[in-house]
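One structure below.
Residue numbers (my numbering), protein chains in the order written: chain G, 1 to 506; chain S, 1001 to 1506.
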C-alpha cells in the first residue's frame, strides 16, 4: 500500500524533527552552562538537562519508531529515493544501537561515570592513580558488557563495537594498520626535530587585550567562511563547537592575553567544525541523518584542515598579518609573515595532549588507542596502565613523565567511561591529509587565493565534496569517493615531513 | 485516608516542580533569543519555544492536576499547614484560569497577536493608526470573550476579569479610586515644574565606554544585594529580568555611551526585580506558588524602590559618586553629589512612556488604563482612540502629540492583545511609596546606611516583609499587613511632592 508506507516515511521524519528540537534545546542548556550560566545555577541546570535527556531517550527508543522504520524498509518508493534511503538506513542504525543496551546497564554506566569523575578529580589532584584504578577497572568491565550488547562484528573484536559509536564502519585492526606506519614515520621525525635548535615563538609576550583578540578572531573566522549571523564566538576553558539549530552553530575559544596565536589556532579549529555543520543541508533536512555529520573523524578532518593546513601556512599569514596589525597595532611591531609562519609550526613534545602540536599530538592519540584496546582485551591490567603509559611516552616522545597528573590521569574521558573515542582525532588528521592532497590537485592555486584572503574556493570544494552528503556515505566510503583512494597514512606523513623538514632544516 | 491525601499533595508538588523545569527551560530559550542568539536562528527558535510552551500548557491544564487539587482541598492536614494551604489555594486558582479558556479562543488570540504585531509595526512606521485599527478592534472583541470566559467578579466589570491575570484581587473601580486623586495631585505638580527653569543633566556628553559601565554596574548592583553568582547582566534593547532557576535570575540593561545614568537607572530597576526573585524561598519551594511573586504590582514596587527611592536619593550618590569616579575617572570631573542627585530627578513631560520620569510616567499609565477600560466597556470606539489619546496628553502633560507613532501606536502591548497589564506599573509605584513610608518609620537611619554603602538593612526588611511570603497573601493583603493600612495614593504623592518641591524650588 504505497499511501500507507509514504505516510510511514512522513511520520518517521516528523519524529526525527521532533527529536531534533529536543536535542537542540538540550544543546542550548549545555552551551549556556559552559559559557554564561551563573555558578550557583549548576544544581538546577542538572534537572533541566535531565528532562531533555529523558525526552531524547524516549524518542530515540520509542517502539513506534521501530515500526515506522520497518514499514519504510519495505517501501520501494522510499528505498528508490537516495535521500529517503539514507535517512531510513541511518535512522535504523541509530535506533538499533539505542535499543540494544538494557536500561540497567545504561543506568549503571551513568552512575559510575558520575562517581568516577569525582574520584578522578581527587586522584588527579593528588597524582595518585591507585585512587582512580578501581573506577577504571569498573569502566572497562562496563565497556566490555556494552560492546557485547552492541554485538561484535564478524571477525572483529570488542573494541570495534565501541568504535562504531564514533566512527561507523571503522575497525580496530584497520586503525592499527593506519597508526603503525604513521608512528614509524613520526617518531624519527620528532626525534630529528629535537636535535635541532628550537624555534622561538615570536608572538610570546605580546600583550593583546582579549576584547581586541575577539574582534580580530571574528574578522578572521568570518573571512574564512564561518557565518557569524548563524553563529557566535564566546570564551570557555575548553573550546568547543555546538549546533543548536539549522542556523545556530556556536563556537568557543580560550584566550592567552600575551600570545594571540593560542586563541587564533583554537578558533580556526572550532570554526572548521562549525563550517562543516553550516555546510550540511540543514535548510531542508535538519534533524535527519541526511543533514548530519558523517562521523567524528570526518568532523575532525574539517577542523584540522582550517587550523593546520590553512592556518599554519605561509599564505595564510601573508593575508592575516596585516589584519593582526590593524587590530593589535604596536603589539605586532617587528613580526613578519615568516616569523609568524615559523611560530605557528613549532614542534615540541609535551606531557599534555591538549597542549601538543600538529605532529606530536598523534603520538598521544596512538598511545591512548593502544591502552584502551589492551585494557578491553584483557592484555593489559588496569594496574599497569601508568607504567605502560610512561614507557611509551619515553619511547615515542623522549619524555620522562614526572607524575600521573601529567601522565595517565590527564584526560577526563576515561572517568566518563568513554572508550573508542580517542582514535577519531588522528583518523581526522588522516582524512584531512588525504582530502588536502586531493583538493590541491584539483585546485592548484589555493595558496595564492589564501594570500589574497579568498577562502571561498576551498570552502566551496569542501561543501560540495565533504559537507553536503551528510551521512549519505560511510566515512571511509566518503573518503574514497572524494580522493579516489582508501584512507592511508601517507598523505599526512608526507605533508608533515615536507613542511617540518623545511621548517627545521632537517 | 491521610496517607492517600498526603500522597496527593506530594504528587501535586512533584507536578508543579516538573512544570517549573519546563517553564525555566522556556525562559532560557527566550533569554538567549534576546541576548545571545545569532540573528538567523530566530525561525528555529520559534519551534523550540513552541515545544516548551506546548509542554507547559499540557502540564497546566492536565485534568489529573485538577483531581489532585480536589483531593488536597479535602485534606485537613494540608489545609492546616500554611505553606501547603497556600500552594493548594494558589495552584487551584492557576488551574482554574488555565482551563477556563476554550482552546479555539486561545488559538485565535495567538494567531491574531502574530498578525496584529506585523500590522502594528507597519502602522507605527507609517504613523497610520487606521492600518492598526481593525486589529485593535479584533483584540478588544477577543478580550471581551476572554473576560467572559474567566467570569466577571460579583459586582464587577469586564476589565476586572483581565486585571486578575496580573494583579490578583484588584478591581478596576478600585484602580480608578487610587488613580483619580493621584492624577489630581500630579498634574498641578508637573505643571508647576514646567514653569521653573529646567535642570541640566550633568551626566550628558560624558563618554563612558560600555565595558567600563558594565563593570561599574556590576559593582553597584552587587553592593545593593543582587547576587551575581546567581545572576548576570547583559545588554538588550529592552531591559528585563528573567528567572530560569532557583539560583539563576538574570537582568539586562541598555547603554548610552554618553550618559551613564541611563544604564544605571535601568540596572537598579531590573536588579530590584531580581532581588525580589532572589528573596523568594526558592531553595525549598521553587516552582510552587509559595516561592512565586505575589503579583506584577508587588514586583514593580521592588524595582521602583531601588531605582527611585534608593537610586535617586542624595545618600545613594554620596556613596556612588566615588565608585563612578573610580571606574570612569576623568569623565566624572566636576560632577558632585548634588549635581548627580539633581540630574537623577529631572521631570520633563515626554511623548514616550518608556522615556518618562518618575512623576510623569504615572500619567502615561493612567491614560492607558482609562482607554483600555473604555474600549472594553464599549464607551470609546477604537476609531476614536487617537483623538482621545492626544486630548489627554495635552490636558495632563501639556504636550501636542505630533503623530500616532509618538502617540497611541508607541507601545507593543495592545498589538499582542495584552489588556489589564498597564495599571500594574503605577500600582507598583503606589505599593512602593507605601512600603517606603513604613520602612523609614521602622528603620529611621536608612539614608545614613545608604551613604555608607550599606544596603543590607533595607534588603533584609524587604526580604522579611515582602519577598519571603511569596504568594501567601494577596497583594493588597500583603500591603496592609506590611504597612498597617490599605493601599492609598497618598504616600507616593507625598514623596513626589516633597522631593520635587525642594528640587525645583516650587
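The beta carbon of each residue, even a glycine, is placed where N, CA and C say it ideally should be.
Selected residue, minimal CA-CA separation from residue i, among the options
i, options, result
"residue 1299 (chain S)", "S:1309, S:1270 and S:1287", "S:1270"
"residue 374 (chain G)", "G:72, G:184, G:176 and G:504", "G:176"
"residue 259 (chain G)", "G:411, G:334 and G:209", "G:209"
"residue 1158 (chain S)", "S:1167, S:1171 and S:1364", "S:1171"
"residue 156 (chain G)", "G:494, G:377 and G:489", "G:377"
"residue 14 (chain G)", "S:1215, S:1047, S:1310 and S:1309", "S:1047"
"residue 1438 (chain S)", "S:1011, S:1462, S:1303 and S:1163", "S:1462"
"residue 1139 (chain S)", "S:1117, S:1472 and S:1229", "S:1117"
"residue 36 (chain G)", "G:491, G:217 and G:237", "G:237"
"residue 1423 (chain S)", "S:1163, S:1043, S:1008 and S:1098", "S:1163"
"residue 1365 (chain S)", "S:1179, S:1106, S:1312 and S:1081", "S:1179"
"residue 481 (chain G)", "G:446, G:431, G:506 and G:224", "G:431"
"residue 202 (chain G)", "G:488, G:360, G:262 and G:309", "G:262"
"residue 1290 (chain S)", "S:1183, S:1442 and S:1085", "S:1085"
"residue 1101 (chain S)", "S:1147, S:1079 and S:1119", "S:1147"
"residue 326 (chain G)", "G:213, G:412 and G:266", "G:213"
Backbone secondary structure at residue i - three-state DSSP
i, result
"residue 304 (chain G)", "helix"
"residue 3 (chain G)", "With a pLDDT of 46 at residue 3 (chain G), under the threshold of 50, the modelled position of that residue is not reliable, and the figure given next carries that caveat. Three-state result, residue 3 (chain G): helix."
"residue 312 (chain G)", "coil"
"residue 235 (chain G)", "strand"
"residue 1250 (chain S)", "strand"
"residue 432 (chain G)", "helix"
"residue 1242 (chain S)", "strand"
C-alpha gap between residue i and residue j, whole angstroms
i, j, result
"residue 277 (chain G)", "residue 113 (chain G)", "29 Å"
"residue 16 (chain G)", "residue 1038 (chain S)", "24 Å"
"residue 1453 (chain S)", "residue 1459 (chain S)", "12 Å"
"residue 71 (chain G)", "residue 425 (chain G)", "37 Å"
"residue 272 (chain G)", "residue 305 (chain G)", "7 Å"
"residue 1275 (chain S)", "residue 1408 (chain S)", "33 Å"
"residue 1404 (chain S)", "residue 1127 (chain S)", "5 Å"
"residue 93 (chain G)", "residue 1123 (chain S)", "53 Å"
"residue 448 (chain G)", "residue 399 (chain G)", "39 Å"
"residue 349 (chain G)", "residue 357 (chain G)", "8 Å"
"residue 500 (chain G)", "residue 433 (chain G)", "15 Å"
"residue 471 (chain G)", "residue 1295 (chain S)", "52 Å"
"residue 310 (chain G)", "residue 392 (chain G)", "31 Å"
"residue 1220 (chain S)", "residue 1491 (chain S)", "27 Å"
"residue 1150 (chain S)", "residue 1098 (chain S)", "9 Å"
"residue 445 (chain G)", "residue 390 (chain G)", "44 Å"
"residue 144 (chain G)", "residue 152 (chain G)", "10 Å"
"residue 1246 (chain S)", "residue 1230 (chain S)", "8 Å"
"residue 1286 (chain S)", "residue 1019 (chain S)", "11 Å"
"residue 1242 (chain S)", "residue 1027 (chain S)", "7 Å"
Where residue i falls, given that 16 or more other Cβ within 10 Å makes a residue buried
i, result
"residue 524 (chain G)", "In this structure chain G extends from 1 to 506, so residue 524 (chain G) is not present and cannot be described."
"residue 1239 (chain S)", "buried"
"residue 1232 (chain S)", "buried"
"residue 1115 (chain S)", "exposed"
"residue 345 (chain G)", "buried"
"residue 456 (chain G)", "exposed"
"residue 1193 (chain S)", "buried"
"residue 484 (chain G)", "exposed"
"residue 251 (chain G)", "buried"
"residue 948 (chain S)", "The displayed coordinates of chain S run from 1001 to 1506. Any statement about residue 948 (chain S) would go beyond what the structure contains."
"residue 154 (chain G)", "exposed"
"residue 1001 (chain S)", "Confidence at residue 1001 (chain S) is low in this model, with a pLDDT of 35, below 50, so the placement of that residue is unreliable and no value is reported for it."
"residue 42 (chain G)", "exposed"
Residue i: contacting residues in chain A (beta-carbon distance under 7 Å)
i, result
"residue 1048 (chain S)", "Absent from the structure is chain A; the protein chains it does hold are G and S."
The region 205-239 of chain G: positions lying closer than 9 Å to chain S by Cβ: Residues passing the 9 Å Cβ filter: 211, 227, 228, 229, 230, 231, 232 and 234.
Looking at chain S, which residues of the region 190-205 of chain G have a Cβ within less than 9 Å of any of its Cβ atoms? Of all residues in the region 190-205 of chain G, none has a Cβ within less than 9 Å of some Cβ in chain S.
Compile a chain-ordered list of the residues in the region 1394-1415 of chain S whose CB is closer than 7 Å to at least one CB of chain G. When C-beta distances to chain G are compared with 7 Å, every residue of the region 1394-1415 of chain S stays at or above that value.
Using a beta-carbon distance cut-off of less than 9 Å, what residues from the region 1028-1045 of chain S approach chain G? Answer in chain order: 1028, 1029, 1031, 1032, 1035, 1036, 1037, 1038, 1039, 1040, 1041, 1042, 1043, 1044 and 1045.
Compile a chain-ordered list of the residues in the region 240-257 of chain G whose CB is closer than 7 Å to at least one CB of chain S. Result list: 245, 246, 247 and 248.
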